[in-house]
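Chemist: Supplied in structure tokens, the structure appears directly below.
In the UniProt record's numbering, the protein residues as written are 1 to 441.
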């Protein structure tokens, strides 16, 4: 039985996004003996899968379990930004995967954001309570700012690639003066502006997903899965609260995938990021979100004026790789985060930031090709038909997980594979065959 659960049960640092959050107490009811589908993980991926399963086959019996509370992992500990894009530069993605695949990955992100907007309009409250994600699209969109001349030169290549792909309406190049006009800062060498970008209280989006399915499926919190075995046509999910048999199993386990799927040890890596929140000075009003320095710094302002700033893991040895513990903070990173705004933005010069919350969160990184695993696991050594992956979003889950869950639901219910799903995300894609070679990673 898998025992490698480091970090998973630790008391976690106090995330801004989990204030007054529902479903953070252990479930009191007993596990059922069996279910058609068991989903392991009650974050964005897992509950999106449940939501779409209900739409496609409401007769299914579905159980969702999580080792902690609902949305207590990466979804509840992020930076509050929903920005369609790529993990790597667009030109690099074209070089790695080809033009058509790179464009399809971008289209997948935009489709997901569109569908999220539709879900919010249909299923979420607007009272700023626990079921109001406050998904707010920003007038100036998302800014990807260049901190070095090298980043600028690479970014200009990206801008040209976007235009050549017919995506120039959504992405445009910003000069140094453009960035200063929008942000007031002359610390950057320019950047890219992505028109479609939103700030989002992602945990509340997940709570809305949970609310939409709670009368249909069974939700179990503080019910960690320890092992999944198969006998005949049925799987047995062994949990801390008992066993449950299932016809199909979905792993929405992201950073902690190796605790339940040892085949992904060394292939899906836990990476810790650190985030803080504070109330902005009265004169600071942003209508954009931003990332800089190749994504190692990112920031947004909430509709209520709060600023959320995260990143800086690149300044410490190891860059927080293989670090699954969100119960602690890194002092060096915390200091750098506090110094970032006064150094880069005039509105914060000589201002002492009054930090209200600071937390860490664990991302699941696929270090092989930086794409998520979405789809059947039957071709993975030691796994079986009827098991499905929905993990390793590599710090880019917000504009992908909702429709990744849709893709898993279509597979489980026997529908054709969606044309919009990038095939490179399938675990058995031709490009990934080398992933299962011994010592490949």
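Cβ atoms here follow ideal geometry from the backbone N, Cα and C, with glycine treated the same way.
Residues in its own chain within less than 7 Å of residue 175 by CB, not counting five upstream and five downstream?
Modeler: The residue you call residue 175 lines up with position 175 of the chain shown. Excluding positions up to five away in sequence, the list reads 190.
Chemist: Using only CA atoms, which one of 242, 220, 360, 221 lies nearest to residue 17?
Modeler: The residue you call residue 17 lines up with position 17 of the chain shown. It is 360 whose Cα lies nearest to the Cα of residue 17.
Chemist: Excluding five sequence neighbours on each side, which residues of the same chain lie with their C-beta closer than 6 Å to the C-beta of residue 318?
Modeler: Within the chain shown, the letter at position 318 stands for residue 318. Excluding residues within five positions, none has a Cβ falling inside 6 Å.
Chemist: What distance in whole Å lies between the Cβ atoms of residue 23 and residue 261, which are believed to be in contact at a cut-off of 8 Å?
Modeler: Within the chain shown, numbered from 1, the residue matching residue 261 stands at position 261. Within the chain shown, numbered from 1, the residue matching residue 23 stands at position 23. Not a contact, Cβ separation roughly 25 Å.
Chemist: Smallest Cα separation from residue 408: which of 104, 21, 54?
Modeler: Counted from its first residue, the chain shown places residue 408 at position 408. Closest option to residue 408, Cα to Cα, is 54.
Chemist: So, with DSSP's three-state summary, where would you put residue 289?
Modeler: Sequence index remark: in the chain shown, residue 289 carries index 289 (1-based). Residue 289: strand per DSSP, three-state reduction.
Chemist: So, is residue 109 buried or exposed, given that buried needs 16 or more other C-beta atoms within 10 angstroms?
Modeler: What you label residue 109 is simply residue 109 of the chain shown in a count that begins at 1. By the neighbour-count rule (16 or more Cβ atoms within 10 Å), residue 109 is buried.
Chemist: Identify whether residue 231 lies in helix, strand or coil by the three-state DSSP scheme.
Modeler: Here the question's residue 231 lines up with position 231 in the chain shown. In the structure shown, residue 231 sits in a strand (DSSP, three-state: E or B).
Chemist: Which residue wins for smallest C-alpha separation from residue 281, given the options 268, 271, 304, 270?
Modeler: As a first step, residue 281 must be located in the chain shown, where it is residue number 281. Here the closest residue by C-alpha is 304.
Chemist: Look at the alpha carbon of residue 530 and the alpha carbon of residue 42, and state the distance between them as a whole number of angstroms.
Modeler: Lying before the first or after the last residue shown, residue 530 is absent from the chain, which here runs from 1 to 441.
Chemist: If you draw a straight line from the C-alpha of residue 314 to the C-alpha of residue 324, how long is it?
Modeler: If you number the chain shown from 1, residue 314 lands on position 314. If you number the chain shown from 1, residue 324 lands on position 324. Each residue's Cα considered, the two are about 16 Å apart.
Chemist: Counting only the same chain and skipping the five closest in sequence on each side, list residues whose C-beta sits under 8 Å from that of residue 279.
Modeler: Stepping through the chain shown from its first residue, residue 279 is reached at position 279. 305, 306, 307, 354, 356.
Chemist: How long is the line joining the alpha carbons of residue 418 and residue 47, rounded to whole angstroms?
Modeler: Start at 1 with the first residue of the chain shown, and residue 418 comes out as number 418. Start at 1 with the first residue of the chain shown, and residue 47 comes out as number 47. Rounded to the nearest angstrom, the two C-alpha atoms are 19 Å apart.
Chemist: For the beta strand (DSSP E) holding residue 313, just list the boundary residues, first then last.
Modeler: Within the chain shown, numbered from 1, the residue matching residue 313 stands at position 313. Neither: residue 313 is in no beta strand (DSSP E) and is coded neither H nor E.
Chemist: Output yes or no for whether 8 Å exceeds the beta carbon distance between residue 276 and residue 309.
Modeler: For the purposes of this step, residue 276 is identified with residue 276 of the chain shown, where counting begins at 1. For the purposes of this step, residue 309 is identified with residue 309 of the chain shown, where counting begins at 1. Yes, the Cβ-Cβ distance between residue 276 and residue 309 is below 8 Å.
Chemist: Which whole-angstrom value is the C-beta distance of residue 398 and residue 124, which I expect to be below 8 Å?
Modeler: In the chain shown, counting from the first residue as 1, residue 398 sits at position 398. In the chain shown, counting from the first residue as 1, residue 124 sits at position 124. The pair is not a contact, with the Cβ atoms about 15 Å apart (cut-off 8 Å).
Chemist: Over what stretch of residues does the alpha helix (DSSP H) that includes residue 337 continue unbroken?
Modeler: To locate residue 337, count along the chain shown from 1; it is residue 337. Where residue 337 is concerned, the enclosing alpha helix (DSSP H) stretches over 331-344.
Chemist: Look at the alpha carbon of residue 62 and the alpha carbon of residue 283, and state the distance between them as a whole number of angstroms.
Modeler: Stepping through the chain shown from its first residue, residue 62 is reached at position 62. Stepping through the chain shown from its first residue, residue 283 is reached at position 283. Using only the alpha carbons, I get a separation of about 49 Å.
Chemist: Quick one, which of 12, 137, 60 has its alpha-carbon nearest residue 302's?
Modeler: In the chain shown, residue 302 corresponds to position 302, counting from 1. Nearest of 12, 137, 60 to residue 302, Cα basis: 137.
Chemist: Quick one: using the 10 Å Cβ neighbour count with 16 as the cut-off for buried, is residue 118 buried or exposed?
Modeler: Against the chain shown, residue 118 aligns to sequence position 118. Exposed.
Chemist: In whole angstroms, what separates the C-alpha of residue 221 from that of residue 69?
Modeler: Translated into positions along the chain shown, residue 221 becomes position 221. Translated into positions along the chain shown, residue 69 becomes position 69. Going from the Cα of residue 221 to the Cα of residue 69 covers about 5 Å.
Chemist: Counting along the chain, where does the alpha helix (DSSP H) carrying residue 211 start and finish?
Modeler: Indexing the chain shown from 1 puts residue 211 at position 211. Unbroken alpha helix (DSSP H) run through residue 211: 202-213.
Chemist: Determine whether the Cβ of residue 88 lies closer than 8 Å to any Cβ atom of chain D.
Modeler: In the structure shown, chain D cannot be found, because there is only a single protein chain.
Chemist: Which same chain residues, not among the five before or five after residue 506, have their C-beta less than 7 Å away from its C-beta?
Modeler: Outside the shown range of the chain (1 to 441) lies residue 506, about which nothing can therefore be said.
Chemist: Of the choices 205, 214, 387, whose alpha-carbon is the least far from that of residue 21?
Modeler: Residue numbering aside, residue 21 sits at position 21 when the chain shown is read from its first letter. Residue 21 has its Cα closest to that of 205, out of 205, 214, 387.
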